[in-house]
Ligand SMILES: Nc1ncnc2c1ncn2[C@@H]1O[C@H](COP(=O)(O)OP(=O)(O)OP(=O)(O)O)[C@@H](O)[C@H]1O
Ligand SMILES: [Mg+2]
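Spelled out as structure tokens, the structure:
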């Protein structure tokens, strides 16, 4: 896993940085089954079957756009894919280092199978290219995507929470992105799974779970994660230094969970909700 650092003079991003690959189990990513299957097939499925697909004359290069509201798990999905694709070179680019896109493509071609990740592409949609001042940086990215050989086992993985900003550019350059996958807000079943995931080792009373699921329609995954954390803080605070030491699981009562949710939904917490990605 590499990204580009800035060179000493700041002009060209040329120095490579090496990163530890994230480790993540598939069950840490809560997505609707079809969404998960779509993403996995395009990225992991093609990588696994590259030899057969190539022999059958199919192109391997692919572009995938993950889009959806902030906090629904786009970055989380990227981390999952990185962790799953242990045999794949990952090249991470950001708006600041996108000037290195040509180098990134050449690294990806040389060290394929590879995946080039550009998160939050909307941030560069409007920005101008350093080399060709008239072209938006996004077009440079799309042109480079187009320029790479079709049979290179390279995935371009892009993410955005502003699909509306990207749509015209992508529509005017068809074929660069093969699939756009919408990462939606978690439905009731997904919210339930998220609560189970983020309860961790908490001794959590879920007797009033139904009410919590009712009142969290429209929240993001990151909101639910924060909800559990708050409930734990409230429980620990109520418990004082008291009975349960670090050895026993923290007991979170239904009241603690309700209170945490009421706090987060309180009008005074509008800004907190906004930063957690909750759409009013
Ligand atoms: N689908 C999910 N399953 C499990 N956990 C999730 C999921 N979505 C989000 N989370 C949790 O919420 C955190 C924030 O989500 P993430 O950074 O992936 O959002 P994002 O979609 O990339 O948002 P942004 O548009 O702001 O970049 C994650 O680190 C993870 O802990
Ligand atoms: Mg993100």
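Numbering (the numbering used here), first residue to last: -2 to 277. Glycine included, every Cβ here is placed at the ideal spot set by N, Cα and C. Treat the numbers as computed from the prediction; the structure is a model and nothing was measured.
Where residue i and residue j are concerned, what is the direct C-alpha to C-alpha distance, given to the nearest angstrom?
{"i": "residue 256", "j": "residue 215", "result": "19 Å"}
{"i": "residue 12", "j": "residue 194", "result": "38 Å"}
{"i": "residue 145", "j": "residue 17", "result": "26 Å"}
{"i": "residue 269", "j": "residue 112", "result": "34 Å"}
{"i": "residue 232", "j": "residue 73", "result": "28 Å"}
{"i": "residue 14", "j": "residue 89", "result": "10 Å"}
{"i": "residue 137", "j": "residue 166", "result": "11 Å"}
{"i": "residue 272", "j": "residue 234", "result": "24 Å"}
{"i": "residue 265", "j": "residue 276", "result": "15 Å"}
{"i": "residue 228", "j": "residue 80", "result": "30 Å"}
{"i": "residue -1", "j": "residue 199", "result": "36 Å"}
{"i": "residue 38", "j": "residue 63", "result": "14 Å"}
{"i": "residue 250", "j": "residue 230", "result": "12 Å"}
{"i": "residue 192", "j": "residue 29", "result": "15 Å"}
{"i": "residue 44", "j": "residue 71", "result": "20 Å"}
{"i": "residue 197", "j": "residue 50", "result": "41 Å"}
{"i": "residue 10", "j": "residue 117", "result": "Note that residue 10 scores a pLDDT of 48, beneath 50, so its modelled location is shaky; the value from the coordinates is reported in the next line. Computed Cα separation, rounded: 18 Å."}
{"i": "residue 143", "j": "residue 168", "result": "14 Å"}
{"i": "residue 162", "j": "residue 170", "result": "14 Å"}
{"i": "residue 52", "j": "residue 36", "result": "23 Å"}
{"i": "residue 54", "j": "residue 47", "result": "11 Å"}
{"i": "residue 177", "j": "residue 245", "result": "45 Å"}
Going by beta-carbon coordinates alone, are residue i and residue j separated by less than 9 Å?
{"i": "residue 213", "j": "residue 224", "result": "yes"}
{"i": "residue 274", "j": "residue 152", "result": "no"}
{"i": "residue 147", "j": "residue 102", "result": "no"}
{"i": "residue 78", "j": "residue 41", "result": "yes"}
{"i": "residue 34", "j": "residue 182", "result": "no"}
{"i": "residue 210", "j": "residue 226", "result": "no"}
Cα-Cα, which of the options is closest to residue i?
{"i": "residue 258", "options": "25, 246, 272, 221", "result": "221"}
{"i": "residue 68", "options": "107, 219, 91", "result": "219"}
{"i": "residue 179", "options": "199, 31, 122, 15", "result": "31"}
{"i": "residue 204", "options": "253, 76, 41", "result": "253"}
{"i": "residue 217", "options": "188, 96, 198", "result": "188"}
{"i": "residue 281", "options": "172, 209, 168, 1", "result": "With the chain represented from -2 up to 277, any question about residue 281 goes unanswered, as that position is not in the structure."}
{"i": "residue 157", "options": "251, 181, 120", "result": "120"}
{"i": "residue 84", "options": "208, 97, 108", "result": "108"}
{"i": "residue 82", "options": "22, 117, 246, 247", "result": "22"}
{"i": "residue 91", "options": "177, 110, 46, 155", "result": "155"}
{"i": "residue 96", "options": "133, 76, 71", "result": "133"}
{"i": "residue 110", "options": "57, 237, 170, 52", "result": "57"}
{"i": "residue 159", "options": "170, 175, 122, 171", "result": "122"}
Taking the continuous beta strand (DSSP E) assigned at residue i, which residues delimit it?
{"i": "residue 14", "result": "13 to 15"}
{"i": "residue 60", "result": "59 to 64"}
{"i": "residue 114", "result": "111 to 115"}
{"i": "residue 88", "result": "86 to 90"}
{"i": "residue 136", "result": "Segment 134 to 144 is the alpha helix (DSSP H) holding residue 136; no beta strand (DSSP E) there."}
{"i": "residue 177", "result": "176 to 179"}
{"i": "residue 1", "result": "-1 to 1"}
Mind reading off the beta-carbon distance from residue i to residue j? Whole number of angstroms is fine, and I expect it under 8 Å.
{"i": "residue 27", "j": "residue 190", "result": "5 Å"}
{"i": "residue 106", "j": "residue 149", "result": "5 Å"}
{"i": "residue 173", "j": "residue 135", "result": "Incorrect: roughly 10 Å between the Cβ atoms, too far for contact."}
At which residues does the alpha helix (DSSP H) containing residue i begin and terminate?
{"i": "residue 104", "result": "98 to 107"}
{"i": "residue 262", "result": "251 to 262"}
{"i": "residue 192", "result": "185 to 195"}
{"i": "residue 157", "result": "First-last for residue 157: 151 to 157, but that is the beta strand (DSSP E), not the alpha helix (DSSP H)."}
{"i": "residue 22", "result": "No alpha helix (DSSP H) holds residue 22; DSSP gives it neither H nor E."}
{"i": "residue 230", "result": "218 to 236"}
{"i": "residue 47", "result": "47 to 52"}
{"i": "residue 204", "result": "Neither: residue 204 is in no alpha helix (DSSP H) and is coded neither H nor E."}
{"i": "residue 33", "result": "30 to 37"}
{"i": "residue 75", "result": "71 to 81"}
{"i": "residue 272", "result": "267 to 272"}
Could you check whether the Cβ of residue i sits closer than 9 Å to any Cβ belonging to chain C?
{"i": "residue 150", "result": "This model lacks chain C altogether; it includes just one protein chain."}
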